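Input: a single structure, listed below in structure tokens.
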Amino acid sequence: MADASSRTILVVEDEEEVRSLTRDVLEMHGYTVLEAQDPEDAVRLGETHPGPIDLLITDVVMPRVSGPELARRLRGRRPTLRVLCMSGYPESADRPAGEAGWNGWLQKPFAPDGLVAKVRECLGATS
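When we follow the working numbering, the leftmost residue of the sequence shown carries the number 1380, and every step to the right adds one.
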């Protein structure tokens, strides 16, 4: 089983406070965190980051490109990428995760422990 220190997570969130909190919580639990403030930055990171990216955590609703569309683009280059979508809009959770193209769903606002539990779940409890 891989531990958290061997896992890299890309966090894409246009709200600075949410992105910073997410990064801080994940780093406290030993994950390596890459950050992007928008989908364009995330695609660049996905193309240029030399190592693996194990999990994408993305907001569902962002300017120009949705989280699920971003996941589709990144999976074009990284087909094993797991995806955790988050949103402050509860109706987005109505679609089954597999149908929507993501591996997990997190409602905002979230507690730090809830974030870590969802990350572990999305990574197959190997983190």
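For each residue, glycine too, the CB sits at the ideal point set by N, CA and C. These numbers come from a predicted model, not from an experiment.
- Per DSSP, reduced to three states, the secondary structure at S1445 is coil, with no helix or strand assignment.
- Residue pairing for A1415: DSSP places it in a beta bridge opposite V1391.
- Between S1385 and the set W1481, G1480, V1412, the nearest pair of CA atoms involves V1412.
- Take the alpha-carbon of G1483 and the one of H1428: they are about 23 Å apart.
- In this chain, the beta strand (DSSP E) harbouring R1461 covers 1461-1466.
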